[in-house]
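Let me begin by presenting the structure, written as structure tokens, before commenting on it.
Protein chains in written order, with the numbering used here: chain A, -2 to 413; chain B, -2 to 413.
Okay, structure coming up:
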């Protein structure tokens, strides 16, 4: 008999971590060179000014507790940063500093949903949405991010349909600049979605982790700036991607004061505060460094272009060029069906163990294919944030060899 | 109508934070010198070797994600540290690195209790226990830490009575080296408590935050080392007190593998991992620095002695000399009754605003007095971790003046 609680047993995990672990083990124990397209981590160093700010805080003995929602200077700097980039008007009272962007998901849901309330979340999408909805006793209702003639799109029509036809939906989770597809709402769609949220009195968690990872000339938009949305939207913002600070765990919730207060109340209960020296690093990260941000974005764009060009050439792979995030989401239906592997997990493992190329699949983003359905499309996710420009063509060659080569690995699933 | 969830509305907070905020506001806005006996924060700097380890990690670009339960080197060092100090035999599989000691409380409870399960917790005690029990849908059942002829003691007899007479108790929260009283189980009591926990198949959260803050010659003991306890105990360990690292948020859960795995699963869901550079600081903190630990303990002991000697002289105050923690828990019944204030919050505020001396009261530790009961005893908590040796006598003089002086402040409650 297990003594672990039902909710934890029913929770999910970020299975992409297991993919990364598989690849890391090959590197570490077999000393193999693996082409790492699997991770959302970034191998670009954190800018020096931010590292310096953290070290200065440590040297200045800023090593005691801070208020649970963060130091006031940082909250003010965050409000200013969000106001400037989102065209909104928040103050420090609208900000709660968090140990990462991810904590905003769980704390927001815990703050606003009671058991049985329903929450809309994107599929494919970041798997923690569904898991946190369940951990908090909510009903998880998926909507879809689809591929159309213009590329991947968030299906606002489906969201509207669900809000009109399903009862008790209190929250919509939106991840514009979408992981894993790179989908992005245009102005009209976002306005429409804001209208729908207002009409149905829906709260919105706007996961803007990739807000600044934008390669197009158009300025990114937050749903918070549309009429009636400021009082119903909580923005998840993080330094992880924009400032190459994944391991620092530096993020924040920005939104209406009542929800921000509830979130901070959970900080008091969960971890007291974010580490003090990291708050000083965050202060530097949100206050300046536009040159660093441009340099980082340029590097990512170069990698995207190299990755796109090398992978689109592979037979049996069909590919969009997204203008946001650092992921590509190739359609590998033809390659997968030709491969003879029974499922995407076998396909992934064969590529990893046979050809030393590592990636995630749609299943890691909650999109479970129906293998019996002849119309089913199959996707993998290629991340280029953790692989250098020089390593990308070799990774693409390995993927090409895996897909088109004759030397396929007869793989048994380790779980079998 | 509020849109905040019931569980968050029903949660508690650490009201000591509000006391600290009141005092800090007097210091900041009125530029007053306040004698700060209120906080559990430490004003001794973090040892240089630990600060150096963090800075080295930053300089070495250890700024990406780590595995959710922590880097393996740290988990191994923690197992070794716990084995050495607790006389147990854990491996890295028994360790989950956490962003502080506090996260262990919530994650452990979320991992093992289902809604309706009961949890025993100490009163007076750290207020987050009760709050996290409620947040996780548990039933909170208090047991008491009482004052006897030999000083404060954890009432093991009451724990036994409750386990025998109340249904559905799944967990006991134990805080030996007890905040706020400094109570400490002796060998026989701990053996008895272990026996009782085994008899009733009870899981134990052993909050050992103050394990190393021990001024007696006797070696501290963990309940985990007693027969049958290793498989039912999760230890909360932290660098906050022992290494003066409160603001670093560096702690860990150590216990049976199934529960540790569940806790790490919650890290995947809640915050991915603890900040990478702080894990390297923790590695230094748990691996060595015995000289630093001795120096810190010596400083705290000197402060304790000064505080004890200056406060015991005050008329209307009755006081024990605890051998653990950095708190004193004076009985101020006589002083409070003589003061004419209607309740302890008025008493506390009058001391703060009238005499610039700040402390917490029993109410901040969940022990709500019955003001109608003539037998009721009244306690305040004096912390000496955040006040220098030189400042203590002046603080005691202020307290003395507040209690015995004729110039009492006619205070109105701000909430009135």
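We put the CB at the ideal spot given by N, CA and C, even for glycine.
Item	Value
Cutting at 6 Å between CB atoms, please list the residues of its own chain near residue 96 of chain A, excluding the five before and the five after it.	246, 271
Less than 9 Å between CB atoms is the rule here; does residue 412 of chain A satisfy it with respect to chain B?	In this predicted model, residue 412 of chain A has a pLDDT of only 39, less than 50, meaning its place in the structure is not dependable; the value taken from the coordinates is given anyway. So, not an interface residue.
Spell out whether any CB of chain B is found under 9 Å from the CB atom of residue 62 of chain A.	yes
Report yes or no: is there a C-beta of chain A within less than 9 Å of the C-beta of residue 259 of chain B?	yes
Given that a residue counts as buried once 16 or more other Cβ atoms are within 10 Å of its Cβ, and exposed if not, what is residue 262 of chain B?	buried
Checking contacts by CB at 9 Å: is residue 11 of chain A closer than that to chain E?	Looking at the structure shown, chain E is missing, and the protein chains on hand are A and B.
Could you check which residue in B/58, B/83, B/190 has the C-alpha nearest to that of residue 421 of chain B?	No statement about residue 421 of chain B is possible, as the shown extent of chain B runs from -2 to 413 and does not include it.
At a Cβ cut of 7 Å, what residues of the region 300 to 329 of chain B count as close to chain A, listed as they run along the chain?	none
Can you confirm whether the region 279 to 291 of chain A touches the region 229 to 247 of chain A when touching is taken to mean that 3 or more C-beta pairs between the two stretches lie within less than 8 Å?	yes
According to DSSP, is residue -1 of chain B helix, strand or coil?	coil
Taking Cβ-Cβ distances shorter than 8 Å, what residues in chain B pair up with residue 58 of chain A?	42, 43
Under 9 Å, do residue 179 of chain B and residue 132 of chain B count as touching if we go by C-beta distance?	no
Mark residue 386 of chain A as exposed unless 16 or more other C-beta atoms lie within 10 angstroms of its C-beta, in which case mark it buried.	exposed
What are the start and end residues of the alpha helix (DSSP H) that includes residue 392 of chain A?	388 to 401
Return the CA-CA distance between residue 74 of chain A and residue 51 of chain B, expressed in angstroms with no decimal places.	25 Å
Would residue 252 of chain A count as contacting chain B if we go by Cβ distances under 9 Å?	no
Which value, in whole angstroms, describes the spacing of the CA atoms of residue 320 of chain B and residue 213 of chain B?	6 Å
Could you tell me which of B/34, B/231, B/91, B/193 sits nearest to residue 345 of chain B, measuring between CA atoms?	B/34
To which residues of the same chain is residue 317 of chain B closer than 6 Å at the C-beta, ignoring the five residues directly before and after it?	148
Jot down the residue ranges of each uninterrupted beta strand (DSSP E) in the region 177 to 245 of chain A, minimum 3 residues, whole runs only, in chain order.	200 to 204, 230 to 235
Just to check my reading of the structure: residue 378 of chain A and residue 324 of chain A have Cβ atoms closer than 8 Å, yes? What is that Cβ distance to the nearest angstrom?	5 Å
Using DSSP bridges, identify the partner residues of residue 53 of chain A.	The partner list for residue 53 of chain A (beta bridge, DSSP) is empty, contrary to what the question assumes.
Note down, in chain order, each residue of its chain lying with its Cβ closer than 6 Å to the Cβ of residue 397 of chain A, except the 5 sequence neighbours on either side.	311
Shortest alpha-carbon distance to residue 161 of chain B belongs to which of B/85, B/195, B/22?	B/195
Threshold first: 4 residues or longer. Then list the alpha helix (DSSP H) segments lying entirely within the region 341 to 382 of chain A, N to C.	341 to 352
Quick one: what does DSSP say residue 154 of chain A is sitting in, helix, strand or coil?	helix
Under three-state DSSP, which class holds residue 89 of chain A?	helix
Pick out whichever of B/150, B/303, B/32, B/359 has its Cα sitting closest to the Cα of residue 330 of chain B.	B/359
Are there 16 or more other CB atoms within 10 angstroms of the CB of residue 78 of chain B, so buried, or fewer, so exposed?	buried
Rank B/134, B/99, B/357, B/264 by C-alpha distance to the C-alpha of residue 111 of chain A and give the top, closest one.	B/134
In the DSSP assignment, find the unbroken alpha helix (DSSP H) run with residue 27 of chain A in it and report its ends.	Where residue 27 of chain A is concerned, there is no enclosing alpha helix (DSSP H), given that its DSSP letter is neither H nor E.
So with CB distances below 8 Å, who are the chain A contacts of residue 172 of chain B?	Chain A residues near residue 172 of chain B: none, gap ~16 Å exceeds 8 Å.
Could you tell me whether any Cβ in chain A is nearer than 9 Å to the Cβ of residue 72 of chain B?	no
Tell me, please, whether the region 108 to 125 of chain B touches the region 161 to 177 of chain B by the rule of three or more beta-carbon pairs shorter than 8 Å.	yes
Comparing the C-beta of residue 52 of chain B with each C-beta of chain A, is any distance below 9 Å?	yes
To the nearest angstrom, how far is the alpha carbon of residue 393 of chain B from that of residue 348 of chain B?	11 Å
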